[in-house]
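Worksheet: the structure to be examined is printed underneath.
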Amino acid sequence: MRLATRGLYGCRRLAHRPIVRLSFATDMNMLFEFFPLLLFLAALLLKDIYAAVIVLMVTMPLGLAIKTLRTGSLDRMYFWSTAFALLFGALTLYFRNPLFVYWKPTAFYWVIAIAFLGSTWIGDKPMAQRFFGLVEGLNLEKVSAQQWVRLNFIWVAFFVFAGLLNIYVAYNYSEKTWGTFKVFGLMAITFVFMLAQTLWIANIIGDDEDQETVD
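Position 42, counted from 1, in the sequence shown is what our numbering calls 42; the numbers after and before it change by one each time, with no gaps.
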């Protein structure tokens with residue numbers, strides 16, 4: 001019983017650590033966005049870009065609706081990503097020109113970069129701080145205002161870089177290579193970037209239970 005109790009306490013303690021909460025929130029956000037992209041790639045590889053665009057335009061709103069129902073709140077980043085997918089997808093289908101869908105990730109990333117940059121001076125908090133503030137139970141007061149501003153600029157640089165990288169691949173490689181990069185490459189880069197932010201924030205705020213007394 002003693003070993004079992006200690007084991008259960010260890011699991012509970014681990015679950016309360018900032019690194020676990022941050023990682024779980026990041027993984028869940030990316031999971032909801034991954035499946036529509038995976039279906040997009042499957043349609044692209046099996047048929048063509050126009051079929052893939054239709055699949056994306058159907059599955060992204062469904063994914064947004066499911067996530068909203070499950071979490072009880074609207075993910076604004078996912079909402080705007082869906083809006084961009086519908087807009088650029090409609091332009092792609094209307095003009096029968098895949099350049100619109102090629103530019104969709106780049107346009108989205110650059111609009112986000114502008115929003116993050118503007119939040120440095122507009123509003124009470126940089127957007128990077130607001131993003132991490134959505135994760136419940138974190139003592140973010142340990143992160144200074146200067147550190148939030150610095151992190152915000154890092155996010156701006158990341159989104160600009162991701163947008164450039166997307167359009168470089170789109171113009172220099174085949175359509176299917178670009179589609180594979182869009183789904184797996186950009187997702188992997190974003191995951192690594194988010195993991196780095198998670199580790200940085202967790203290192204600053206430390207272990208929530210370090211100060212608690214163990215009975």
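Backbone N, C-alpha and C fix where the C-beta goes; we use that ideal spot for every residue, glycine too.
Could you tell me the alpha carbon to alpha carbon distance between THR180 and ARG76, rounded to whole angstroms?
25 Å
Given that a residue counts as buried once 16 or more other Cβ atoms are within 10 Å of its Cβ, and exposed if not, what is SER73?
exposed
Keeping to the same chain, check which residues put their C-beta closer than 8 Å to that of ILE54; ignore five residues upstream and five downstream.
Around ILE54, the same chain offers ALA43, GLY89 and LEU93 as residues with beta carbons nearer than 8 Å, after the five sequence neighbours per side are excluded.
Let's test the definition: count the other Cβ atoms within 10 Å of the Cβ of GLY206 and tell me whether it reaches 16, buried, or not, exposed.
The residue in question, GLY206, is exposed, as its Cβ has fewer than 16 Cβ neighbours within 10 Å.
So what's LEU46 in DSSP terms, helix, strand or just coil?
In the three-state scheme derived from DSSP, where H, G and I count as helix and E and B as strand, LEU46 is classed as helix.
Measure the C-alpha to C-alpha separation of PRO98 and GLU141 and round it to an integer number of angstroms.
Per the coordinates, the alpha-carbon of PRO98 lies some 46 Å from the alpha-carbon of GLU141.
In chain order, which continuous runs of the beta strand (DSSP E) of length 3 or greater are located wholly inside the stretch 136–161?
Segments of the beta strand (DSSP E) lying fully in the stretch 136–161: there are none.
Which whole-angstrom value describes the C-beta separation of PRO126 and VAL149, a residue pair presumed to lie in contact below a C-beta threshold of 8 Å?
Contact holds; Cβ gap of about 6 Å.
To the nearest angstrom, how far is it from the Cα of THR71 to the Cα of ALA65?
10 Å
Mark GLY123 as exposed unless 16 or more other C-beta atoms lie within 10 angstroms of its C-beta, in which case mark it buried.
exposed
Mind checking whether ALA113 and PHE159 have CB atoms under 8 Å apart?
In contact: ALA113 and PHE159 (Cβ atoms closer than 8 Å).
Buried versus exposed call for THR177 [16 or more other C-beta atoms within 10 Å across all chains shown]:
exposed
If we count the other Cβ atoms within 10 Å of its Cβ and call it buried at 16 or more, is PHE108 buried or exposed?
With 16 or more Cβ atoms within 10 Å of its Cβ, PHE108 is classed as buried.
Just to confirm, is the Cβ distance from MET57 to ALA83 under 8 Å?
no
From ARG96 to LEU87, what distance separates their C-alpha atoms?
14 Å
Is the CB-CB distance between PHE132 and ILE189 below 8 Å?
no
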